[in-house]
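Single-structure report; data block below.
Number of protein chains: 2
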Amino acid sequence: MQTNLTQAATLLKAADNILVLCHANPDGDTLGSGYALLYALQSMGKSVRLACSDPIPGRFSYMSLAAQAIQSDFEPQFIVACDIAALQLFGENLDIYRDKVDLCIDHHLSNAGYAKHTLLNSEAAATCELLYDLCLELCIEITPQIADCLYTGLATDTGCFKFSNTTPRTHRYAALLMEAGADYEKINRLMFETKTKKLICFEPKVMSTMEFHHGDRMAMITITTEMMEQSGIDASMLDMFAAMPRQVEGVEIGVTLKQRDEDHYKVSVRTNEPIDASKLCAVFGGGGHVRAGGCLLEGDLDSVRKRMIDAAGDALENAQQE
Amino acid sequence: MQTNLTQAATLLKAADNILVLCHANPDGDTLGSGYALLYALQSMGKSVRLACSDPIPGRFSYMSLAAQAIQSDFEPQFIVACDIAALQLFGENLDIYRDKVDLCIDHHLSNAGYAKHTLLNSEAAATCELLYDLCLELCIEITPQIADCLYTGLATDTGCFKFSNTTPRTHRYAALLMEAGADYEKINRLMFETKTKKLICFEPKVMSTMEFHHGDRMAMITITTEMMEQSGIDASMLDMFAAMPRQVEGVEIGVTLKQRDEDHYKVSVRTNEPIDASKLCAVFGGGGHVRAGGCLLEGDLDSVRKRMIDAAGDALENAQQE
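Chains A and B, in that order, are what the protein sequence lines are. Quick note: the first sequence uses this note's numbering, first residue 7, plus one each step. Quick note: the second sequence uses this note's numbering, first residue 7, plus one each step.
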């Protein structure tokens with residue numbers, strides 16, 4: 007059932023022994039909104055725990071030291087999910103809470119509506135925007151600690167206010183959070199200016215695979231399992247690469263081939279106007295959005311490469327005719 | 007003479023045949039503030055030209071097609087310098103205006119005060135913040151075109167709201183400019199997500215020179231003239247590299263060696279707390295700020311490398327003792 011800010015605040019005021027859940031493979035917005043809620047509720051004198059199926063990456067440690075293991079003496083009486091759009095995002099260790107969520111706070115249009123009450127605003131750039139509103143509704147003071155958490159969600163979900171989901175409101179909330187004491191300089195450095203040594207050594211290997219086709223209107227990079235094994239890189243560290251091929255001036259279709267096993271490649275497609283990435287990926291049974299899509303291809307590298315080059319050529323030709 | 011907003015607006019209202027100057031090697035803030043002023047004054051019915059000593063890079067072409075050549079029939083009666091902190095930044099082709107500037111609008115604390123009147127606010131993240139205030143003072147409507155120009159200055163001078171010079175006001179102005187029609191999505195893509203093919207092919211070559219010293223607390227990259235010649239890269243395209251060595255997790259001193267000629271290397275130093283970059287560079291007669299400094303070293307690559315590694319080692323040791 008959809009709920010509004012006032013109703014959500016009323017539910018939280020009445021609750022105690024509250025368990026806050028973050029999604030698996032946690033990012034800045036699920037942790038930022040989760041920890042902000044934890045601190046807000048604690049300041050109201052409530053007993054609260056936060057849980058996440060996966061370990062919390064070290065770069066977020068300024069929010070808190072760790073998610074708390076739920077001790078045997080903590081019996082959750084009210085469960086809140088932050089930024090969790092669908093049940094499969096709970097992760098293995100939180101599966102037991104799937105059908106017990108009292109309140110879900112989220113900004114994903116695709117939210118599956120699995121919770122008893124859902125506070126949803128798909129126009130918010132981040133769930134942390136909703137948490138800011140909720141703190142006001144609950145008359146909670148935005149402490150520097152809460153401001154750190156909320157700023158993290160705003161900044162990470164918008165690529166530091168760069169992506170098209172950024173709104174005037176996102177900027178205004180960032181201003182208010184800076185005034186409330188968010189250490190934006192430290193947070194931005196940790197989120198956007200810090201890479202592991204492994205990754206920085208892996209980057210040139212990936213970049214040097216870049217190839218250009220169709221008069222430089224298509225660029226493609228390839229990451230094989232052999233490359234990853236040699237550098238000690240796992241698939242969860244590859245997110246940053248998908249954006250790179252499209253960054254080249256003049257490129258309309260940027261493709262990243264990531265080998266999954268012997269004969270499967272996960273393909274990420276990023277496009278500039280007028281190419282539709284989801285249409286291109288649909289050729290191979292994939293999907294996505296206008297500017298970003300994905301699909302899975304079977305075959306050896308040569309065959310996968312060739313099929314992607316051909317499909318990109320068709321997409322470029324069709325775009326010209328339209 | 008220092009002037010305030012009201013006085014600057016009064017001067018501009020009384021003026022006509024106005025020449026707006028941008029600094030050499032133009033960036034987003036000098037062009038954004040210059041073009042915003044041009045459009046504002048044109049909307050008041052005034053005759054205005056904009057000039058820059060160097061060609062305007064193509065990525066800024068959405069602001070206007072080009073700086074206008076000053077035709078023989080245009081006799082400037084009032085000259086405004088935008089974001090030009092010092093006389094040596096006028097560039098060769100604007101040298102004739104050095105001692106003729108009626109009004110300088112700037113945000114650099116170091117502004118040399120060369121103009122008859124100077125509107126200076128060193129707390130502004132960008133000169134474009136002052137231009138926004140000036141438009142309000144002049145009762146100019148912020149058109150989408152003016153909003154594009156002003157947003158560009160705010161975004162480029164703050165690394166898209168990432169650097170420590172960003173203030174709550176910067177965010178609030180960004181919000182207002184988005185509402186006024188700034189095409190922030192396109193601008194951010196052009197400014198922060200677009201690299202030339204040459205540069206993207208050069209990047210892995212530079213990254214693969216990265217070496218680590220002092221228990222990975224120092225990282226260093228090297229760019230030789232031979233590497234640049236082979237890739238068709240010139241020195242003006244190397245700005246982005248200085249930040250890379252410090253981006254590695256755990257690195258406290260990031261060093262970039264750029265060969266200038268046979269036996270000279272320009273050295274950029276970036277540090278994290280507690281290392282003072284300007285002190286480290288002072289060892290070799292250089293200088294700078296706490297987090298960013300530079301110096302020039304004479305010698306062959308081996309000797310320059312060794313001296314920088316030793317100096318970094320000393321700095322790390324001293325920092326530990328303090």
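Every residue, glycine too, gets a C-beta built ideally from N, C-alpha and C.
For Asp316/B, no beta strand (DSSP E) segment is defined; the enclosing uninterrupted segment is the alpha helix (DSSP H) at Leu307 to Gln327. Identification of chain A residues near Ala181/B by a Cβ-Cβ cut-off of 7 Å yields Pro174, His177 and Arg178, ordered along the chain. Of all residues in the segment 229-254 of chain B, only Ala249, Met250, Arg252, Gln253 and Val254 come within less than 8 Å of chain A when Cβ atoms are compared, listed by chain position. For Ala91/A, the closest of Asp79/A, Val107/A and Leu322/A by C-alpha to C-alpha distance is Val107/A.
Listed by position along chain B, the residues whose Cβ is nearer than 8 Å to that of Cys155/A form an empty set, because the closest Cβ is around 18 Å away.
Under the 10 Å beta carbon count, Cys145/A is surrounded by fewer than 16 other beta carbons and is classified as exposed. The residue among Ala186/A, Ala118/A and Gly119/A with its C-alpha nearest the C-alpha of Tyr138/A is Ala186/A. For Cys145/B, there is no enclosing alpha helix (DSSP H), since its DSSP letter is neither H nor E. Exclusion of the five residues before and after His123/B leaves Met7, Thr9 and Leu109 as the residues of its chain whose Cβ lies within less than 6 Å of its Cβ. Looking only at Ser116/A, Ser242/A, Ala288/A and Ile281/A, the smallest Cα-Cα distance to Asn31/A is reached by Ser242/A.
Relative to Ala181/A, the option among Phe218/A, Glu209/A, Leu196/A and Tyr157/A whose CA is nearest is Tyr157/A.
For Arg55/A, DSSP records a beta bridge to Leu25/A.
The residue among Phe84/A, Glu217/A and Thr16/A with its C-alpha nearest the C-alpha of Arg104/A is Phe84/A. Within the segment 193-219 of chain A, complete beta strand (DSSP E) segments of at least 3 residues are found at 217-219, given in chain order. DSSP, reduced to helix, strand and coil, places Tyr271/A within a strand of the structure shown. For Asp33/B, the closest of Arg65/B, Met226/B, Leu44/B and Ile239/B by C-alpha to C-alpha distance is Arg65/B. Cβ-Cβ distances below 6 Å link Asn278/A to Glu258 in the same chain, with the five nearest sequence neighbours on each side left out; the list follows chain order.
The contact set of Met184/A on chain B, defined by CB atoms closer than 9 Å, consists of Thr172, Thr173, Pro174 and His177 in chain order. Sixteen is the threshold: since fewer than 16 other Cβ atoms of the shown chains lie within 10 Å of the Cβ of Pro61/A, the residue is exposed. Counting other Cβ atoms within 10 Å of its Cβ, Gln151/B reaches 16 or more and is therefore classed as buried. Partner residues in the beta bridge of Leu303/B, as assigned by DSSP, are Tyr271/B.
Under DSSP, the beta-bridge partners assigned to His123/B are Leu109/B. For Cys134/B, no CB of chain A lies under 8 Å from its own CB, so it is not counted at the interface with that chain. Boundaries cannot be given for Cys166/A, as no alpha helix (DSSP H) includes it and DSSP labels it neither H nor E.
Three or more beta-carbon pairs separated by less than 8 Å link the segment 125-142 of chain B to the segment 32-46 of chain B, which places the two stretches in contact. Residue state for Gly293/B is assigned as strand, using DSSP reduced to three classes.
Approximately 6 Å separates the beta-carbon atoms of Thr133/A and Asp112/A; this is inside 8 Å, confirming the contact. Note: Arg276/A is bridge-paired with Gly260/A and Ala298/A in the DSSP secondary-structure output. Residues of the same chain with a CB within less than 7 Å of the CB of Cys287/B, apart from the 5 flanking positions on each side, are Val275, Gly293, Gly294, Gly299, Gly300 and Cys301 in chain order. Taking a beta-carbon distance threshold of 8 Å, Ile206/A counts as an interface residue toward chain B.
Here Ile148/A is buried, its C-beta having at least 16 other C-beta atoms within 10 Å. Per DSSP, the beta-bridge partners of Ala225/B are Phe218/B and Gly260/B.
Note that the segment 209-226 of chain B touches the segment 209-221 of chain A; at least 3 beta-carbon pairs, one per stretch, sit closer than 8 Å. Contact note: Ser214/A reaches chain B through Pro210, using a C-beta cutoff of 7 Å and chain order.
The Cβ atoms of Asn194/B and Lys168/A sit closer than 8 Å to each other. A direct Cα-to-Cα measurement between Glu199/A and Thr202/B gives close to 21 Å.
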